[in-house]
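Chains as they are written, first to last, in my numbering: chain X, 2 to 363; chain D, 2 to 363.
Where a beta carbon is used, it is the ideal one built from N, C-alpha and C, also for glycine.
Nothing here was measured: the structure is a model prediction, and the numbers come from that model.
One structure is given here, and the rest of the page talks about it.
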């Protein structure tokens, strides 16, 4: 399954030229961040599928997780497309790259008005700022409200933030494998990844764009990600104690196990498509996020989670559902039993598909 | 509880001068490793408590985990001492530092016969080699068999290896929070730590002893260790989303959360007492280890595990117990319910104490 996931996640990288052609760009103007920092000009990269109806009422916003991008039919093509749960023959689907990202939207690697990469000067952003930029894009598209805002993990945080920050602009939120706020352990995993980057001598305080940058640290950070996104069972199923291209141990200090090779391969591949400063910026935004109530929200909620997801455990989705119930809103939480850990939210089209289809038809 | 653990684990470091005075050293001669490498001379550092009786039948060998050392009354003083489950008024307790370690026994930082640190020339060692060195120490001490061999995590692997490799020298084995072989996920966590070190530009292929060495990579590797040794509950209990010495977020790129400060503090502290090459050598030995049966063993077994230990899950101890049962041996497996993750085996004196006391009196 991890191989399927990789295909889904990384095909975008392998056909980057094509994807760039599909990307659209919207200048959403100057922004002052929630934490106070400023950007004189913000561009949001996005892609759309399907057609906006005459009532402009069939818009669906897809919010991506840490390493995702605007190409939602790609990393989430089990959920989105013609005949899928989020059916592009019925809905006008919009995927964006988040503010602070590195796949077309303004982020730390972007050039300022002087033509210099922001690097260390890029402001601290929060989930609320990502949503603000998306809201301006929504206005640009002539949409007043979304039929659905959906996302998993960091994308789920954006979705629930939309419900609270722009209650009149959201009819339904589907939030999968996410949390109202990161726990200490989740912050810890993010921080270990950040420290791998910050402690790389090539990081240079974040102003590394004239050089190769902290690719070793970023690679280690990505290995950590893979360790936390999978489960004991999925690691066992995919790798077990299989050796790497050898019938026996070499005992020469080289990589021995297939799982070791996999981690380094994924880590190194990640450095070719992702910027270390974006990793730091986005993981900090995730850690800062803390939704305390749905006192402003008006939408219907669907929360899904997976019993094998130990890094975003189900009780966090149950707590979100309870917040929605406490606010008097229609809400449901469904825990799905599948063995692949946090990656389930990307890999599972079948269960999530049925549940989301029902949610959209209610 | 983590604070108590730190006290237990690191007091040794803080009173290093005293501890070195308590250490004894045994030259166990030249060794050829199971994988073929050689060392012309091996020293094993050890400490003892209690008195060997006239029958030489009350010896207890304590085997340490990855970051431990010979100072078992220190990191395991909840279990060992006068009146404790492993009662030093009855037993002659021996703690050793493993072959390949960095607390007195021959390891990669040791000097060869030319006076140069082994570094990259240190051979690949396995758990079986650690046991072989301990067996020579046993002979040096005039002991023919151990009343008990005990250890947790990597120490548990040594204990079960003793049972199989020297069946006549072991009467009882207590193996806690351990496994017959590392799973792919466990290998993955070790490998991410190794890669953090190997990818540090200061690693220099392992021959870094004339310089500061890969302290940044080793620090990140230790952060990973702490993430896997604790549990969601223990992180939540100790840190939650508490901020670090501030009433509010600073939004200045510095550390914000207490858990972040904790991880960097523990990581950096570790680099002052541990050698990066030992980290690589010992984690590889752990990953190589695979006990397939107890066909040679003759001893009684006690396996304990903890329901919150997600990195060494209970089913691995249950499988070890089954191997002992399959070999027709007396064996029991007891799962203990405590919330502190893998660290439980160090923190829990109460439950493990009662169980081990009973095991020793049987």
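key: Beta carbon proximity, residue 233/D to chain X, threshold 7 Å   = yes
inquiry  = Taking beta-carbon pairs under 8 Å, can you tell me which members of the region 175 to 186 of chain D lie near chain X?
reply    = 182, 183, 184, 185 and 186
message = I'd like to know if residue 125/D contacts chain X, where contact means its C-beta is closer than 7 Å to some C-beta of that chain.
response = yes
key: Minimum Cβ-Cβ distance from residue 188/D to chain X less than 7 Å   = yes
query = Cβ-heavy atom distance between residue 81/D and the ligand NAP below 6 Å?
reply = No copy of the ligand NAP occurs in the structure displayed, which carries no ligand at all.
Endpoints, beta strand (DSSP E) assigned at residue 176/D = 173 to 177
ask   = Within 10 angstroms of its Cβ, does residue 353/D collect 16 or more other Cβ (buried), or is it exposed?
value = buried
query = Which residues of chain X have a Cβ atom closer than 9 Å to the Cβ of residue 311/D, listed in chain order?
reply = 233 and 311
query = What number of angstroms, rounded off, separates the C-alpha of residue 61/X from the C-alpha of residue 170/X?
reply = 11 Å
query = Does any C-beta atom of chain B lie closer than 7 Å to the C-beta of residue 200/X?
reply = Annotation note: the requested chain B is absent from the structure, which comprises protein chains X and D.
ask   = Exposed or buried, residue 243/X, counting other C-beta atoms within 10 Å across all chains shown (16 or more means buried)?
value = exposed
key: Of the residues 287/D, 335/D, 340/D and 297/D, the one placed nearest residue 67/D, counting alpha carbons only   = 287/D
key: Expected contact under 8 Å - CB spacing of residue 63/D and residue 151/D to nearest Å   = 6 Å
task = Using 10 angstroms around the beta-carbon of residue 316/X, count the other beta-carbons present and answer buried if the total reaches 16, otherwise exposed.
result = exposed
message = To the nearest angstrom, how far is the alpha carbon of residue 40/X from that of residue 280/X?
response = 19 Å
inquiry  = Going by C-alpha to C-alpha distance, which of 92/D, 31/D and 266/D sits closest to residue 133/D?
reply    = 31/D
message = Tell me which residues of the region 265 to 276 of chain X have at least one Cβ-Cβ distance to chain D shorter than 8 Å, keeping chain order.
response = 265 and 268
Buried/exposed call for residue 57/X, threshold 16 Cβ in 10 Å = exposed
Segments assigned alpha helix (DSSP H), at least 4 residues, entirely inside the region 85 to 167 of chain X = 128 to 141 and 155 to 166
query = Taking the alpha carbon of residue 159/D as the point to measure from, which residue in 142/D, 181/D and 148/D has its own alpha carbon closest?
reply = 181/D
query = Any C-beta of chain D sitting closer than 7 Å to the C-beta of residue 225/X?
reply = yes
message = Checking 7 Å against the spacing of the C-beta atoms, do residue 332/D and residue 326/D come in under that value?
response = yes
task = Take every Cβ of the region 267 to 283 of chain X, pair it with every Cβ of the region 135 to 145 of chain X, and state whether three or more of those distances are shorter than 8 Å.
result = no
query = Residues bridged to residue 232/D by DSSP?
reply = Paired residues: none, contrary to the question.
inquiry  = Between which residues of its own chain and residue 217/X is the CB-CB distance below 6 Å, once the five residues before and five after are set aside?
reply    = 201
request  = Rounded to whole angstroms, what's the CA-CA distance from residue 47/D to residue 71/D? Just pull it up for me.
outcome  = 5 Å
message = On the DSSP letters alone, give me the boundaries of the alpha helix (DSSP H) that residue 352/X sits inside.
response = 351 to 362
task = Drop a sphere of 10 angstroms on the beta-carbon of residue 85/X, count the other beta-carbons inside from all chains shown, and report buried for 16 or more, exposed for fewer.
result = buried
request  = Provide the residue(s) that pair with residue 306/X in DSSP beta bridges, ordered along the chain.
outcome  = 336/X
ask   = Which residues of chain D have a Cβ atom closer than 8 Å to the Cβ of residue 289/X, listed in chain order?
value = 250 and 257
request  = Please state if the CB of residue 229/X and the CB of residue 190/X are separated by a distance shorter than 7 Å.
outcome  = yes
Residues bridged to residue 258/X (per DSSP) = 244/X
ask   = Rounded to a whole number of angstroms, what is the C-alpha to C-alpha distance between residue 26/D and residue 108/D?
value = 14 Å
key: At least three beta-carbon pairs within less than 8 Å, the region 302 to 310 of chain D to the region 103 to 121 of chain D   = no
key: Stretch-stretch touch, CB-based, cutoff 8 Å, three pairs: the region 249 to 268 of chain D with the region 329 to 347 of chain D   = no
Interface partners of residue 228/X on chain D, CB under 8 Å = 186, 189, 190 and 193
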